[in-house]
Amino acid sequence: MDEPRSPGDFTTAALADLLDRHGSNPERWPEAQRAPALALVQTNADAERLLDEARALDAALDALPAPAMPSHLPGQVLDALPRDFAEIALDWLAANFWRPVGFALAPLLVGFALGNAQQDGTGDLEDAVTLLAFDEVQLFDLAENGNAE
Amino acid sequence: MTDEELMIRVQRKDTSAFSVLLGRHSAAIHAFVFRLTGNAADAEDFTQETFLRVWSRGDTWKPGRVKFTTWAYRIARNLCIDAWRTRRGSAADAEADVEELAGDVPSDDAGRTRRALEAALAALPERQRTALVLCHHQGWSNREAAEMLDVSVDALESLLSRARRSLRKTLAPYREA
Numbered sequence: 001m002d003e004p005r006s007p008g009d010f011t012t013a014a015l016a017d018l019l020d021r022h023g024s025n026p027e028r029w030p031e032a033q034r035a036p037a038l039a040l041v042q043t044n045a046d047a048e049r050l051l052d053e054a055r056a057l058d059a060a061l062d063a064l065p066a067p068a069m070p071s072h073l074p075g076q077v078l079d080a081l082p083r084d085f086a087e088i089a090l091d092w093l094a095a096n097f098w099r100p101v102g103f104a105l106a107p108l109l110v111g112f113a114l115g116n117a118q119q120d121g122t123g124d125l126e127d128a129v130t131l132l133a134f135d136e137v138q139l140f141d142l143a144e145n146g147n148a149e
Numbered sequence: 001m002t003d004e005e006l007m008i009r010v011q012r013k014d015t016s017a018f019s020v021l022l023g024r025h026s027a028a029i030h031a032f033v034f035r036l037t038g039n040a041a042d043a044e045d046f047t048q049e050t051f052l053r054v055w056s057r058g059d060t061w062k063p064g065r066v067k068f069t070t071w072a073y074r075i076a077r078n079l080c081i082d083a084w085r086t087r088r089g090s091a092a093d094a095e096a097d098v099e100e101l102a103g104d105v106p107s108d109d110a111g112r113t114r115r116a117l118e119a120a121l122a123a124l125p126e127r128q129r130t131a132l133v134l135c136h137h138q139g140w141s142n143r144e145a146a147e148m149l150d151v152s153v154d155a156l157e158s159l160l161s162r163a164r165r166s167l168r169k170t171l172a173p174y175r176e177a
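Residue numbers (the numbering used here), protein chains in the order written: chain A, 1 to 149; chain B, 1 to 177.
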């Protein structure tokens with residue numbers, strides 16, 4: 001079949017092929033074919049009809065709805081990431097390790113606290129006695145020295 | 001930071017890099033999967049699974065060989081194909097998908113056109129539909145879509161041509177009306 005030819009030697013068959021491959025948006029057409037294709041559309045009724053049909057299809061495709069991605073999805077993906085053994089083990093330890101360690105350390109801590117409290121009391125008493133004794137010695141020395149003078 | 005730089009970090013299990021990739025591409029992958037499956041639940045599931053595979057199989061992506069997006073879209077598409085294979089023969093599923101695509105379609109001319117177009121899209125062979133979705137809806141160039149489909153640009157354009165001719169034929173009676 002003979003195709004009507006444009007001045008630039010661009011046929012309606014070539015335009016139909018271009019529209020099939022790239023759609024109706026001239027910005028998506030190969031640069032070398034854009035100007036001759038648009039020139040053909042300006043001068044040829046068949047070419048104009050082809051472009052109209054392609055535009056109608058693209059518009060119908062654009063009108064098809066697609067739901068927006070649910071906003072929770074990225075968070076859901078991050079929560080579902082599989083984690084490595086070390087990470088899982090650390091989490092387990094953080095959540096559970098205090099129990100056995102706590103039970104094991106409890107008597108030790110109680111003993112330490114009691115012992116420390118007792119030792120503090122005794123120390124204070126000993127210090128007081130020592131100071132008192134020192135004071136007595138000082139008083140005694142003072143009295144003796146005073147008498148001597 | 002480019003997708004490829006982020007992906008190298010993801011290979012080292014960097015969750016913050018993964019989070020950036022997720023934010024950058026999840027909506028587009030979700031739309032892509034929905035356009036292929038026509039099913040909102042599948043779109044959500046397969047988007048999640050795509051990114052979980054990006055994380056767990058990141059070591060199979062080789063920098064410099066394919067772009068991150070090419071690789072991620074291939075994963076998403078393969079998930080859709082696997083689902084179709086699993087459900088093959090289940091006409092009820094296919095019909096349910098078309099019903100879901102249709103949603104609340106008005107019963108006027110525009111509604112009838114839309115319903116016919118959705119049914120024609122769903123009936124296209126998978127590679128034709130994927131080619132059209134990648135180029136028309138997702139805006140990828142023919143060369144990029146060809147890489148995603150792992151075919152030559154000529155083969156991709158042949159798929160696009162057949163898809164568009166088929167859909168135009170479907171729309172013709174509605175245009176004439």
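From the three backbone atoms N, C-alpha and C, an ideal C-beta is built for every residue, glycine too.
Environment of N39(B) [buried if 16+ CB atoms lie within 10 Å]: N39(B) should be labelled buried.
L50(A), buried or exposed, once every other Cβ within 10 Å from all chains shown has been counted against 16: Label assigned to L50(A): buried.
Nearest-angstrom Cα separation, counted from F18(B) out to L6(B): Their Cα atoms are separated by approximately 7 Å.
Distance between L156(B) and T69(B) (C-alpha atoms, nearest Å): Roughly 17 Å separates the two Cα atoms.
Burial state of E126(B) (16 or more Cβ within 10 Å): The residue is exposed, with fewer than 16 neighbouring Cβ atoms inside 10 Å.
Where F46(B) meets chain A, residues with beta-carbon distance less than 7 Å: Residues of chain A with a Cβ closer than 7 Å to the Cβ of F46(B) do not exist; the shortest Cβ-Cβ separation is about 11 Å.
Completely contained alpha helix (DSSP H) runs for the stretch 101-141 of chain B, where each covers 4 or more residues: DSSP assignment within the stretch 101-141 of chain B yields the following whole alpha helix (DSSP H) runs of 4 residues or more, N-terminal first: 109-123 and 126-132.
Chain B within 8 Å of Q76(A), Cβ atoms only: Yes, Q76(A) counts as interfacial toward chain B.
A148(A) (DSSP reduced to helix, strand or coil): Residue placement at A148(A) is flagged as unreliable, the pLDDT there being 45, under the threshold of 50; the coordinate-derived value follows with that caveat. Secondary structure of A148(A) (DSSP, three-state): helix.
Beta carbon proximity, A13(A) to chain B, threshold 8 Å: By this cut-off, A13(A) is not an interface position.
Given P82(A) as reference, the closest of D108(B), R112(B), K13(B) and C80(B) once Cα atoms are compared: Considering only alpha carbons, the answer is K13(B).
Contact residues within the stretch 122-139 of chain B, judged by C-beta distance below 8 Å to chain A: Against chain A - using a Cβ distance shorter than 8 Å - the residues of the stretch 122-139 of chain B are L132, C135, H136 and H137.
Cα-Cα separation between T15(B) and R65(B), rounded to whole angstroms: Their Cα atoms are separated by approximately 23 Å.
CB contact flag (D3(B), L22(B), <8 Å): Not a contact, by the Cβ cut-off of 8 Å.
DSSP three-state assignment for H72(A), whether helix, strand or coil: Judged by DSSP in its simplified three-state form, H72(A) adopts coil rather than helix or strand.
Beta-carbon proximity of A37(A) to W29(A), cut-off 8 Å: Their beta carbons are under 8 Å apart, which means A37(A) touches W29(A) by this criterion.
Proximal residues, the stretch 44-75 of chain B versus chain A, C-beta separation under 8 Å: Taking 8 Å as the cut-off between beta carbons, the residues of the stretch 44-75 of chain B near chain A are E44, T47, Q48, F51, L52, W55 and S56, in sequence order.
For I75(B), the nearest candidate out of G58(B), S56(B) and T50(B) (CA to CA): Its Cα nearest to that of I75(B), the residue T50(B) stands out among G58(B), S56(B) and T50(B).
H30(B) versus V110(A) - alpha carbon distance: Answer to the nearest angstrom: the Cα atoms are 59 Å apart.
Extent of the continuous alpha helix (DSSP H) to which L6(B) belongs: Segment D3 to Q11, the alpha helix (DSSP H) holding L6(B).
Classification of Q138(B) by the beta-carbon crowding that lies within 10 angstroms, buried from 16 upward: Counting Cβ neighbours within 10 Å, Q138(B) comes out buried, since at least 16 surround it.
Test: S166(B) CB closer than 8 Å to a CB of chain A: Chain A contact via Cβ: absent.
Nearest candidate by alpha-carbon position, reference A83(B), set A43(B), T170(B), V54(B) and R165(B): With distances taken between Cα atoms, A83(B) lies closest to A43(B).
Simplified DSSP assignment, three categories, for A43(B): Residue state, collapsed to three classes: helix.
Span of the alpha helix (DSSP H) around E150(A): Shown here, chain A extends from 1 to 149; a query on residue 150(A) therefore has no answer.
Separation of L117(B) from L61(A), as counted between CA atoms: Rounded to the nearest angstrom, the two C-alpha atoms are 8 Å apart.
As assigned by DSSP and simplified to three states, the class of P26(A): In this structure, DSSP gives P26(A) a helical state, which the three-state scheme calls helix.
Short Cβ contact (8 Å threshold) for L73(A) with S26(B): Result yes, Cβ atoms of L73(A) and S26(B) sit closer than 8 Å.
T179(A) burial status per 10 Å Cβ neighbour count (16 or more: buried): Residue 179(A) lies beyond the range of chain A shown here (1 to 149); nothing can be said about it.
Cross-chain neighbours of D58(A) in chain B, by beta carbon under 8 Å: By Cβ distance, chain B contributes H136.
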